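K.L.:
Numbering (my numbering), first residue to last: 1199 to 1511.
Note that beta-carbon positions come from the ideal geometry of N, C-alpha and C, so glycine has one too.
None of the values given here were measured: they were computed from a predicted structure.
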Amino acid sequence: LVTIDEKIGKNKNIEKLIGCPVLHHKIFSQIQPASKFYDKNGTNKLLYATFGTRAQEMKKIKELGLDKLYIHTDGWGKEGYDNNHPYILPPCEEAGGWEGMKALADTCRNLNYIFALHDQYRDYYYTSPGFDMEKAVTRIDGTHPYCSIWDGGEHTFLCASQALDCVQKTYAELEEHGIDVQGAYLDVFSVMNGDECFHPDHKITREESIKHRAECFDYLNEKGMIMSSEEPAMQLLNHIALVHHGPYTLRPQVNGAAVGIPVPLGSLVFHDCIMIPWDWWNNWGIPKGENGNLHCALNAGMPYFHPYVEKDM
């Protein structure tokens, strides 16, 4: 068990999370035809805001009196949210490209806000530059997993043994362009089971898969970035400082009723180890009809901050 204080001892920047609300925003979205979310009769491509617009909004938020803020940035890559992982550079050109993203990151630093990126190194999109099926998770019969649920459409899974190289490539390039990344959210790593792989060149067990994911977190943590992921599952709790959410069990899980009486058992055990934000109404893990902000207080957690209407998130 590694406490927040011990994590701060290795990375002083984690201390900035204390007393800090979380803001989620999106830059660009593009839903591919194969995705579950594709709407044949609707809008599947949307620029929510440019990097420059977001920079001005952060300045306004500061002027209104919010001293501290952790900013989780979705959809910053070339093709938008959940597209082309694990390599999604350059930054969205419609939103301002390298120059615009640098300006937003620098603005956040000057405001004493934490600029963090949503990123992914498990979903391996067929459209990703340099896609190579030889790097994918390989089943014992030689086949590969397949999924097309998310915005980017068709993909398999990247073998975790290959993930660190991809992480290093992305963040070296961001650094070369002067992008001041203060935090990174490596999506699904902390919530999904390890991926066993039978490829003869990178055969790994599920346990080894988890260790490879930990290497990705540790690599960026050593660079001073605040590490986060999806949910506080035990296998990677010691390698991250923040999660996306820590939901109660509902039926159904989205907009459903609580299974039993929600009590903060997880927080009672792990409160001193991990920071958990809580959303407001009827979101993932918040029982239908109950106020997520009250559950935030009950769990002594972090609040989400919602300055946008949904279409501008």
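Any chance the stretch 1202-1221 sits against the stretch 1452-1468, with 3 or more Cβ pairs inside 8 angstroms?
P.N.:
no
K.L.:
By the three-class DSSP mapping on this structure, what secondary structure does Y1417 have?
P.N.:
On the sequence shown, position 219 is the one that residue 1417 refers to. It is helical.
K.L.:
According to DSSP, is H1437 part of a helix, a strand, or is it coil?
P.N.:
The residue given as residue 1437 occupies position 239 in the sequence shown. Residue state, collapsed to three classes: helix.
K.L.:
Assuming R1411 contacts A1358 (C-beta within less than 8 angstroms), just tell me the rounded distance between them.
P.N.:
Taking the sequence shown and counting its residues from 1, the one referred to as residue 1411 is at position 213. Taking the sequence shown and counting its residues from 1, the one referred to as residue 1358 is at position 160. About 6 angstroms separates the two Cβ atoms, so the contact holds.
K.L.:
Pick helix, strand or coil for T1354, following the three-state DSSP scheme.
P.N.:
Walking along the sequence shown from the start, residue 1354 turns up at place 156. Secondary structure at T1354: strand, using DSSP grouped into helix, strand and coil.
K.L.:
Out of K1300, H1397, V1379 and L1244, which has the shortest C-alpha to C-alpha gap to A1253?
P.N.:
Your numbering for residue 1253 matches position 55 in the sequence shown. Residue K1300 is the option with its Cα nearest to A1253.
K.L.:
When the Cα atoms are used, what is the spatial distance from L1199 to K1205?
P.N.:
Residue 1199 sits at position 1 when you count from the first residue of the sequence shown. Residue 1205 sits at position 7 when you count from the first residue of the sequence shown. Cα-Cα distance, rounded: 11 angstroms.
K.L.:
Taking the beta carbon of Q1366 as the centre, do at least 16 other beta carbons fall within 10 Å, making it buried, or is it exposed?
P.N.:
Taking the sequence shown and counting its residues from 1, the one referred to as residue 1366 is at position 168. The residue in question, Q1366, is exposed, as its Cβ has fewer than 16 Cβ neighbours within 10 Å.
K.L.:
Got a sec, what are the start and stop residues for the beta strand (DSSP E) Q1318 sits in?
P.N.:
Walking along the sequence shown from the start, residue 1318 turns up at place 120. Segment I1312 to Q1318, the beta strand (DSSP E) holding Q1318.
K.L.:
Going by C-alpha distance, which of R1320, S1465 and E1371 is nearest S1427?
P.N.:
As a working note, residue 1427 is residue 229 in the sequence shown. Cα-wise, what sits closest to S1427 is R1320.
K.L.:
For D1393 and P1284, what's the separation of their Cα atoms in angstroms?
P.N.:
Here residue 1393 corresponds to residue number 195 of the sequence shown, with the count starting at 1. Here residue 1284 corresponds to residue number 86 of the sequence shown, with the count starting at 1. Whole-angstrom Cα-Cα distance: 16 angstroms.
K.L.:
Tell me whether C1345 sits in a helix, a strand or coil according to DSSP, three-state version.
P.N.:
Residue mapping note: residue 1345 aligns to position 147 of the sequence shown, counting from 1. Strand, per DSSP.
K.L.:
Taking only the alpha-carbon atoms, compute the straight-line gap between G1340 and H1397 and give it to the nearest angstrom.
P.N.:
Reading the sequence shown from its first residue, position 142 is the one you call residue 1340. Reading the sequence shown from its first residue, position 199 is the one you call residue 1397. If I take the Cα positions, the gap works out to 8 angstroms.
K.L.:
Would you decide whether L1372 is buried or exposed? Buried here means 16 or more other CB atoms lie within 10 Å of its CB.
P.N.:
As a first step, residue 1372 must be located in the sequence shown, where it is residue number 174. The Cβ neighbour count for L1372, taken over all protein chains shown within 10 Å, is at least 16; the residue is labelled buried.
K.L.:
Roughly how many whole angstroms lie between the Cα atoms of V1386 and D1280?
P.N.:
Mapped onto the sequence shown, residue 1386 falls at position 188. Mapped onto the sequence shown, residue 1280 falls at position 82. Distance between the alpha carbons of V1386 and D1280 is about 12 angstroms.
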